[in-house]
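> Before I ask anything, here is the structure I am working with.
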Amino acid sequence: MTEQDNERIVNNSPYFLQPASVQSVMLRVLLALLPGIAVYVWFFGAAVLVQIVLASITALAAEAVMLKLRGKPLMMFLGDGSALVTAWLIALTFPPIAPWWLTVIGVLAAIVVAKHLYGGLGQNPFNPAMVAFALMIVAYPSLMSQWPAVGFTDFLPQWNAIFGDRQLDAITMATPLDALRTALHTADARATVAGVLGSDASFGNIGGKGWEWVAAGYFLGGIYLLQQRIITWHMPAAFLATLFVISGGFAMYDPTRFVGPSFHLFTGGAMLGAFFIVTDPVSGCTTPRGKLIFAAGIALLTWVIRTFGAYPDGIAFAVLLMNIAAPLIDMYTQPPVFGHKTRGGGAR
Amino acid sequence: MSVLQRLFGFHGGVKPDYHKDASTSLPIAVAPTPTFLVIPLHQSIGGPPRPLVKAGERVLKGQRIGGADGNASSAVHASASGTVVAVEMRLMPHTSGLSAMCVVIETDGRDEWVANQPFDYRSATPTQIRDYLRDAGVVGLGGAVFPTYLKLNAGKQGKLDTLVLNGAECEPFITCDDVLMRERAAAILKGAAIMREMLAAGKVLIGIEDNKPEAIAAMEAAARAANAAAADAAIEVVAVPTRYPAGGAKKLIRVLTGIEVPHGERSTDYGVQCFNVGTAYAIHEAIELGRPLISRIVTVAGNVKQARNYEVLFGTPMQDLIALCDKLPDSDRVIMGGPMMGLLMPGEDVPVVKATNCVLVGSKKLFPPPPPEMPCIRCGECAKACPADLQPFEMYWFSRAKIFGKAQEYNLFDCIECGCCAYVCPSRIPLVDYYRFAKSEIWAREVEKEAADVARERYEFRLLREEREKQEKAAKLAAKTAAGREKAAAAVAEAAKPAATPEEEAKKALIAAALERARAEKSLVHPENTADLTPEQQAEVSAIEARRAEIREMAKPQLRQDD
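Chains as they are written, first to last, in the working numbering: chain A, 1 to 348; chain B, 1001 to 1563.
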């Protein structure tokens, strides 16, 4: 990977290659995020865009410094788009009105520690964006839980919340997951799912108010990724199906204590996670069966953390835990090689 | 008739731009005989043939100039009449740029054939037919150049279900099988009929990718005619979906029959054998016309003004062929084979050989240098494209890290180097290069290990032998001294004993006679040569047996390595 490689002469077959590049993969992932972002901005204000710009600039700067320190060709890697994907995912999972330094520290943790200290592009065992989220929610739990109220999209107070004087009472609101968890876990033993959902303004028709539409936007982007063959169906399907089955099963068992599948699927980061986070190829499983197990495991852990844990959303922790297990799962789910199959036509 | 055939899929594969139309617009032309033919002796898998001619000798067209040597060797012939001017090392059509022994013939333009005697295969034994085909130099013309006579063996069961003819031709640019099927379908089927008889195959399936409608039509027409003439309608032409590498023998067998022949096993054990259509044509030529394999159809394509297929004599320099097609000025390389699996030639002056299905002229425009290699992001595109169902990125990680054992665990040796993984890789990693590297390293280590094993065994055997010789010497010495002592003792006793009485002498004689009779009877009952051995002989026999057992014991691990 030196500069001479730019004039790499192919001495061995194959001599021609399909026009594809890491850059084009990453750019299409960013493109797929746009519908979700548009809806997000519509419901929660332009602060989302401020966070995206902030995270992108920080990520590119951090990437450039790290590449320089590691003696890697700058433009080649800076242009690959992978840092931007990490930055955007951080901006979309952090609260839009998080103070600027929260986002900056999160991005630095992702790019410097989770990515480059582990060897850079393609080498990180953990999903960098989820490392950032997990780190910041442990370090700053309250800042990471302050979300703008749905529909309150005035830009100036949001701008001030990010860069200056944080007067939050007027503009924040607990997220639906947070509100439900708090209500069910705290004092009032008579609180039921139905009661909570009916009483709080943050709940919409099927998921969280506004959130359900953001989720729909991400779903649309996910369909695009599937159509472009950037991701396979295995992970989103296994993740969503597992979350559906487990939350549905428990809601049927005791509907007063456990909230149903539509709420789980259409609030928090479930849809973003299913198509954009769980599907990170570098830190996840690669075999078809491994992908199913990996994504199902994340869904299971997500539900457990959401239902019984101390944090409102558990996707980040679930992803990191399953990242640890990914190599092992891959090892035990290797697909049969051509001619090695015991069943089918090969056996005689 | 292809409608009835049920097709099976195979995983993976890619659909590159095929570029086939350029070379199929014109019929096959005969390339002119060059002034000098450079014919490599070693043109097939197996041992290199030994030269049968010397410089200065006159040779006829079709005369054997290299004789098959050893078990898996195949003969080579003079492609034209003329004079042998040298038998020497010349540059081979291989990327390595290595040279090998070639017979250089100055052609005389008279094109004098040796006497072409058709071979009456019906009255010949299978072994005789195989020997004939070996000496006619018929090898697989799909590119692997495996001696055909070795494959014309029906395997364990003595018969096959299916004979597969491979006309898929999945590599981009190459159309030599396509035009051969279009123009010489009947002859191909005649060759196939001979193969079918030798293999006792139930049916013949001819697989052709569906991007060759003319070839399919021609073969179907010929198949109809052949089926009508024969007692059973055994020949079937099957259009298979166009997807590289559908023409890999094992992939085509899978598509046509659903059978997956495992790596390292013979397809005949699964009731199938597969030959290239060009090979079937060569068998027809050899057996029914008495012509050994001295030419083949070669596609000249790529960065040329007029791509076309030529019938080319082996030994013709590639530059002569390229000149026929008007190479474009920005050409920068010559590839033998297609863009997916072809070999980069060390120059244009290398000869066309039996493996040359295509001479592909390249340029920066046609095959642009890829952008710089990026790290693997484990996107899995390669695994999706791999027709062998491998996990190419895992093999890449381990090959790159030189953890070859792990690479083998991920079935590195099932990789057929088709290039699909590298073709789709968004990080532009030359994956196949890594596998080639890993394979050659593993082979080199195995050779080293084998050499070390042999040396170790020899050393241990020597120690053993020395020890045994020492013991034998000691035993002999002991026996000698013991015998000497006994003799001395006996002499002393003899001297001390009084002389034997005549009665005693007579008794002794009687006993001796009885013993003699008994022995004679015994030898009648047991006629083996080991029955009445002296104790010395007996000892020798058991010593030999012991040694044999020892050697067998030592040979055991070696045998295990062989399988």
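The beta carbon of each residue, even a glycine, is placed where N, CA and C say it ideally should be.
Whose C-alpha, out of W159/A, M76/A and L220/A, is nearest the C-alpha of A32/A?
L220/A
> At the 9 Å Cβ level, is I1403/B part of the contact set with chain A, yes or no?
Interface with chain A (9 Å Cβ-Cβ cutoff): I1403/B is excluded.
> Of all Cβ atoms in chain B, is any one closer than 9 Å to the Cβ of I329/A?
no
> What does K1250/B reach in chain A if we use C-beta pairs closer than 8 Å?
Per Cβ cutoff of 8 Å: F338 and G339.
> Where do the N-terminal and C-terminal ends of the beta strand (DSSP E) with K1203/B fall, by residue?
A1201 to E1209
> Go to G288/A, then tell me how far its alpha helix (DSSP H) extends in each direction, as first and last residue.
According to the sequence provided, residue 288/A is Pro. The question's Gly does not apply to it. Per DSSP, P288/A belongs to the alpha helix (DSSP H) from P288 to F308.
> Which of the three DSSP states, helix, strand or coil, is assigned to T103/A?
Secondary structure of T103/A (DSSP, three-state): helix.
> State the CB to CB distance for the pair T267/A and V193/A, rounded to an integer number of angstroms; the pair is presumed to be in contact (CB under 8 Å).
T267/A to V193/A, Cβ: 13 Å. No contact.
> Can the beta-carbon of I223/A be found closer than 9 Å to that of R28/A?
no
> Within 9 Å of any Cβ in chain A, is that where the Cβ of Q1117/B sits?
no
> Using only the alpha-carbon positions, how far apart do T1242/B and P1027/B sit?
23 Å
> Please decide whether N323/A counts as near chain B, where near means a Cβ-Cβ distance under 9 Å.
no
> Quick one, which of A132/A, I57/A, L121/A and I293/A has its alpha-carbon nearest K72/A's?
L121/A
> Buried or exposed: which applies to Y253/A, given that a residue is buried once 16 or more other Cβ atoms fall within 10 Å of its Cβ?
Exposed: under 16 other Cβ atoms inside 10 Å.
> Comparing C-alpha positions only, which one of E1112/B, P1051/B, K1507/B and L1098/B sits nearest to S1081/B?
E1112/B
> Helix, strand or coil for T1107/B? Go by DSSP, reduced to three states.
strand
> Let me confirm a value: G1278/B is counted as buried when at least 16 other C-beta atoms fall within 10 Å, else exposed. Which label applies?
It is buried - the Cβ of G1278/B has at least 16 other Cβ atoms within 10 Å.
> What distance in whole Å lies between the Cβ atoms of A1249/B and N1166/B, which are believed to be in contact at a cut-off of 8 Å?
Contact holds; Cβ gap of about 6 Å.
> Specify the secondary structure class of S13/A as computed by DSSP and reduced to three states.
coil
> Looking at T1162/B and T1257/B, is the spacing between their C-beta atoms short of 9 Å?
yes
> Please confirm if G1419/B has its CB atom under 9 Å from at least one CB of chain A.
yes
> Given a threshold of 16 other Cβ atoms within 10 Å of its Cβ, counted over all protein chains shown, does F126/A qualify as buried or as exposed?
buried
> Whole angstroms is fine: what's the gap from K1402/B's alpha carbon to L265/A's?
Distance from the CA atom of K1402/B to the CA atom of L265/A, rounded to whole angstroms, is 45 Å.
> Counting contacts by CB-CB distance shorter than 9 Å, is T1095/B in contact with chain A?
yes
> Is there contact here, the region 1036-1043 of chain B with the region 1013-1020 of chain B, by at least three beta-carbon pairs under 8 Å?
no
> Starting from C1274/B, trace the beta strand (DSSP E) both ways and give me its first and last residue.
V1272 to N1276
> Nearest chain A C-beta to R1254/B closer than 9 Å, yes or no?
yes
> Check each residue of the region 1337-1366 of chain B: if its Cβ is closer than 7 Å to any Cβ of chain A, include it; give the result in chain order.
Hits within the stretch, in order: P1339, M1340, M1341, G1342, L1344 and G1362.
> Is it buried or exposed for V53/A, if we count other Cβ within 10 angstroms and need 16 for buried?
exposed
> Shorter than 9 Å from the beta carbon of M144/A to some beta carbon of chain B?
With 9 Å as the cut-off, M144/A does not count as an interface residue toward chain B.
> Using the C-alpha atoms, what's the distance from C1382/B back to A380/A?
Because chain A is modelled from 1 through 348, residue 380/A falls outside the range shown and cannot be assessed.
> Is DSSP giving P1527/B helix, strand or coil here?
Residue confidence for P1527/B is low, a pLDDT of 49 falling below 50, so the modelled location carries little weight; the figure read from the coordinates is stated next. DSSP places P1527/B in coil when its eight states are reduced to three.
> Specify the secondary structure class of W147/A as computed by DSSP and reduced to three states.
strand
> When Cβ atoms are compared, which residues of the region 73-100 of chain A fall closer than 9 Å to chain B?
For the region 73-100 of chain A, the set of residues with a beta-carbon nearer than 9 Å to any beta-carbon of chain B comprises P73, M76, F77, D80 and S82, in chain order.
> Would you kindly work out how many angstroms separate the C-alpha atoms of T1316/B and Q1157/B, rounded to a whole number?
42 Å
> Indicate the three-state DSSP secondary structure (helix, strand or coil) for Y1423/B in the structure shown.
helix
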